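Engineer: This is the structure I want to talk about, given as structure tokens.
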Amino acid sequence: PLSPRFHVNLLLSEGQDSDAALHFNPRMDEAVVVLNSKASGKWGREERGMGLPFQRGQPFDLLLIATEDGFKAVVEDTIYYHFRHRLPMGNVRLLEVAGDVQLQSVTM
Numbered sequence: 001p002l003s004p005r006f007h008v009n010l011l012l013s014e015g016q017d018s019d020a021a022l023h024f025n026p027r028m029d030e031a032v033v034v035l036n037s038k039a040s041g042k043w044g045r046e047e048r049g050m051g052l053p054f055q056r057g058q059p060f061d062l063l064l065i066a067t068e069d070g071f072k073a074v075v076e077d078t079i080y081y082h083f084r085h086r087l088p089m090g091n092v093r094l095l096e097v098a099g100d101v102q103l104q105s106v107t108m
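Going by UniProt numbering, the residue at position 8 of the sequence shown is 8; the numbering climbs one at a time, nothing skipped.
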């Protein structure tokens with residue numbers, strides 16, 4: 001990652017006010033990863049992972065695995081966090097990656 005922050009969103013629709021089943025937001029400036037969801041235009045309760053599994057300017061592999069009860073965030077082959085579903089995962093339509101991060105590839 002090149003910037004202090006970036007995010008990966010799993011969105012239910014297009015548009016700036018889309019609901020998000022998952023908001024995965026590493027914050028280098030706070031040394032934390034914030035996870036959340038957005039339903040009916042309102043953000044839910046933030047959850048924070050333990051530590052920061054990313055180093056600024058270093059490449060990384062991030063795998064988001066949808067399970068029956070949540071999303072597993074796997075960083076460099078290690079389960080980092082399990083975010084329980086707040087919205088139906090079957091409604092996810094879009095992947096959004098934003099911030100000053102260089103995306104190498106996406107596999108689904």
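The C-beta atom is built at its ideal place from N, Cα and C for all residues, glycine as well.
Bear in mind that the values here come from a model prediction, so they are computed numbers and not experimental data.
#1: Enumerate, from N- to C-terminal direction, the unbroken alpha helix (DSSP H) stretches of 4 or more residues contained entirely within the UniProt domain "Galectin" (1-108).
#2: Taking contact to mean at least 3 C-beta pairs separated by less than 8 Å, is the stretch 60-72 in contact with the stretch 80-98?
#3: Measure the beta-carbon distance from Val33 to Leu52 and round it to whole angstroms, keeping in mind my assumption that it falls under 8 Å.
#4: Would Leu87 and Ala21 be called neighbours here (beta carbons separated by less than 8 Å)?
#5: How would you call Asp77, buried or exposed, if buried means at least 16 neighbouring beta carbons within 10 angstroms?
#6: Apart from the five residues on each side of it in sequence, which residues of its chain come closer than 8 Å, Cβ to Cβ, to Arg48?
Structural biologist: Walking through what the data contain:
#1: Whole alpha helix (DSSP H) segments, 4+ residues: zero.
#2: Touching, yes.
#3: About 6 Å separates the two Cβ atoms, so the contact holds.
#4: Pairing Leu87 with Ala21 gives a Cβ-Cβ distance under 8 Å.
#5: Exposed, because fewer than 16 other Cβ atoms sit within 10 Å of the Cβ of Asp77.
#6: Result list for Arg48: Val32, Val33, Val34, Leu35, in chain order.
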